[in-house]
Amino acid sequence: MKRVVFFLLVLFPIVSFSQKEAAIWYFGQYAGLDFNSGAPIVLTNGQLNTFEGCATISDYLGNLLFYTDGVTVWNKNHLVMPNGAGLLGNASSTQSAIIVPKPGNLNQYYIFTVDDRNAISPLSTNGIRFSTVDLTLNGGLGDIIPSQKNLTLVAQAYEKITAVKHADSNSFWVISFIQNRFLAWRVDATGVNTTPIISNVSNAPDSRGYLKISPDGKKIACANFGTGASMKIYDFNPATGSVSNETQLNFDTANDIPYGVEFSMQSQKLYVTTSQLSGNTHKPPGKLYQFNMASANISASRILIHSSNINTRGGLQLAIDGKIYRALSISTTSQTGTFFLGVINNPESNGASCNYVHNAIDVSNGNPNRKVVEGLPPFIQSFFLSSISSKKYCFGDATEFTINSTAPPTSVVWDFGDPASGVNNTSTVLNPTHIFSSGGNYTISAAITVGTSTNIISTDVTILNSPSVTSPVSLLQCDDDIDGFVNFNLEDANPLISAENPSPTITYFLTETNAINNTNPITNTTAFNN
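Going by the UniProt record's numbering, the residue at position 342 of the sequence shown is 342; the numbering climbs one at a time, nothing skipped.
As structure tokens, this is what we get:
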């Protein structure tokens with residue numbers, strides 16, 4: 001008996017998607033915000049009660065996964081995870097925690113925790129630790145894996161931590177500053193590399209104040225609050241994890257002590273909050289400054305945006321709506337909160353045009369116990385970076401392009417890097433298509449304008465020429481034992497189907513329907529029994 005087998009080649013591209021991991025915030029005294037609908041909606045179900053540090057994470061659709069103050073972890077139902085108590089951060093640490101997904105595993109996340117300084121030293125007692133949350137545990141609500149809880153990265157630390165994507169876009173950098181050096185740990189599909197990249201810089205004697213990296217991964221801002229206060233920016237290399245080129249930023253008076261820092265979405269502006277300090281007491285005025293990162297003299301570009309004789313220090317945090325939110329505290333030694341957040345509505349604009357509104361959002365919803373204090377939840381800064389995704393890479397097909405941006409672009413100008421396509425080489429459509437003039441490698445760029453700021457991003461695509469194939473192809477095999485079945489080595493047909501070099505990838509299916517839907521491919525191609 002002889003069998004005849006037919007073959008079909010199908011190519012399926014991989015696509016990417018936008019992210020809303022930073023869509024939900026919990027912070028302060030039972031306060032929260034939901035940005036999923038665009039404008040922030042006040043949440044009243046949060047369980048956090050923290051002076052400063054906190055962290056929240058959602059999935060890419062904006063659904064809450066869990067949140068923490070660096071000590072306790074609450075799941076999406078606002079219940080403490082079974083093994084979610086006893087983390088070694090601290091609610092009085094400036095940045096007590098940050099959450100980083102494990103690359104290649106949608107169900108696991110790392111919580112990096114940072115203890116606060118101890119009574120006799122700027123260094124913390126418990127340093128920086130990390131714990132692994134597995135969302136498949138506890139009936140799908142998640143829990144910390146017992147053997148992967150409070151693992152030590154560094155024994156003593158400052159109250160600072162931030163994170164950004166690696167240049168390869170497949171891993172992350174988790175970065176901290178301690179005394180006179182930066183430490184950058186790489187997180188990839190194999191886990192956390194506990195050996196950091198170390199960059200030596202000048203000394204800062206106090207551990208308090210925020211550390212942030214720009215969404216484009218190129219600049220770091222480090223606020224050093226307290227004794228020997230300073231505000232410094234640095235260059236960061238997202239490929240190597242190294243920090244360099246320290247630059248001091250100055251304020252209007254030496255009494256302006258920096259605490260909160262944040263970059264605009266396009267990484268072109270830096271905002272800093274300051275207050276005065278007497279001993280361990282934070283005093284008004286609380287100020288908000290803007291610096292132009294594109295200026296030849298960044299320190300001299302400073303503009304005082306707002307000054308309050310009531311408020312003192314407070315954190316700043318970029319949101320997925322492209323605005324920056326300011327924690328408005330009236331804290332002294334007792335760390336007293338208020339009901340309000342300030343909002344920088346147009347962070348990319350210069351000076352007063354940034355449209356800062358004080359006391360803009362009341363988080364209390366009528367509950368006097370629900371307040372903003374000093375801290376807001378930090379996120380991987382790359383979540384706020386615009387990117388390009390694409391699909392359909394076969395020559396002759398219309399390749400589709402999409403802008404992934406958490407803030408809606410005002411306009412986009414595309415260049416497909418294909419001058420042979422003539423007038424079709426550019427487009428102002430938000431999500432365009434383009435038919436390339438030939439197969440090959442192309443660099444696509446998009447000039448994205450948000451408000452008054454324009455940023456250019458790019459991506460590379462390869463347009464594939466359709467392989468020349470012979471169809472149908474038959475394989476003949478004798479059924480020597482006449483049992484009605486015979487083993488075929490389907491890969492014997494590969495050179496018969498296509499003689500191209502390099503050889504195309506060929507996948508085999510039992511039916512045409514399976515091939516079209518890319519379902520149930522034949523896996524044992526060298527011994528297919530039929």
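Glycine included, C-beta positions come from ideal geometry on N, C-alpha and C.
Asked	Found
Ranges of the beta strand (DSSP E) found wholly within the region 25-99, counting only runs of at least 3	31-34, 55-58, 64-68 and 73-75
Delimiting residues of the beta strand (DSSP E) encompassing THR162	162-165
Touch test, the region 133-140 against the region 175-190, Cβ-Cβ under 8 angstroms, three pairs minimum	no
Cβ-Cβ separation, THR449 to THR402 (assumed contact under 8 angstroms), whole Å	Incorrect: roughly 17 angstroms between the Cβ atoms, too far for contact.
Pair within 8 angstroms by beta-carbon distance, LEU123 and GLN156	yes
Cα-Cα separation, SER466 to PHE395	7 angstroms
Identity of the residues DSSP links to MET265 by a beta bridge	According to DSSP, which records beta bridges pairwise, MET265 is partnered with nothing at all.
SER169 classed as buried or exposed, judged by whether at least 16 other C-beta atoms fall within 10 angstroms	exposed
The region 420-430 / the region 238-247 touching (three or more Cβ pairs under 8 angstroms)	no
Distance between beta carbons of ALA420 and SER405, contact taken as under 8 angstroms	Going by Cβ atoms, the distance from SER405 to ALA420 rounds to 29 angstroms, so no, they are not a contact pair.
8 angstroms CB neighbourhood of HIS78 in its chain, flanking five on each side removed	ASN45, GLY46 and GLN47
Exposed unless 16 or more other CB atoms sit within 10 angstroms - verdict on SER147	exposed
8 angstroms CB neighbourhood of ILE388 in its chain, flanking five on each side removed	PHE401, THR402, ILE403, ASN404, ILE444, ALA446, ILE457, SER458 and THR459
Helix, strand or coil at PHE384 according to DSSP, with G and I counted as helix	helix
DSSP-derived helix/strand/coil call for ILE522	coil
8 angstroms contact criterion, which VAL154 and ILE144 should meet: CB distance rounded	Not quite, the Cβ-Cβ distance comes to about 20 angstroms (not below 8 angstroms), so this is no contact.
Alpha-carbon to alpha-carbon, SER58 and ASN345	24 angstroms
Whole-angstrom C-beta distance between THR247 and ILE257, which should lie under 8 angstroms	In fact, because the Cβ distance is near 18 angstroms, the residues do not count as touching under 8 angstroms.
Classification of GLU52 by the beta-carbon crowding that lies within 10 angstroms, buried from 16 upward	buried
Rounded C-alpha distance that separates PHE6 from THR519	Any reading at PHE6 must be qualified, since the residue scores a pLDDT of 39, below 50, and its modelled position is unreliable; the value itself is stated next. Roughly 17 angstroms separates the two Cα atoms.
Beta-ladder partner(s) of THR132, from DSSP	TYR110
Among THR312, LYS391, PRO82 and LYS20, the one whose alpha carbon lies nearest that of THR56	LYS20
Any 3 or more C-beta pairs closer than 8 angstroms across the region 276-287 and the region 351-363	no
Segment contact, 8 angstroms Cβ cut-off, at least three pairs: the region 280-287 with the region 301-315	yes
Supposed contact pair ILE380 and ALA163 - C-beta distance, whole angstroms, cut 8 angstroms	5 angstroms
Contact set for ASN514: own chain, Cβ-Cβ below 8 angstroms, skip 5 residues either direction	ASN520 and PRO521
Cβ contact (3+ pairs, closer than 8 angstroms) linking the region 186-197 and the region 211-222	no
Check whether TYR67 and TYR26 have beta carbons under 8 angstroms apart	yes
Under the three-state DSSP convention, the category VAL363 falls into	coil
In DSSP terms, what ASN455 is bridged to	ILE448
Residues sharing a beta bridge with PRO122, DSSP	According to DSSP, which records beta bridges pairwise, PRO122 is partnered with nothing at all.
GLY440 - DSSP class collapsed to helix/strand/coil	strand
Cβ-based burial, VAL429 [other Cβ within 10 Å; buried from 16]	exposed
Collapsed DSSP secondary structure at GLU400 in the structure displayed	strand
Extent of the continuous alpha helix (DSSP H) run through ASN514	512-517
Per DSSP, cross-strand counterpart(s) of PHE236	VAL243
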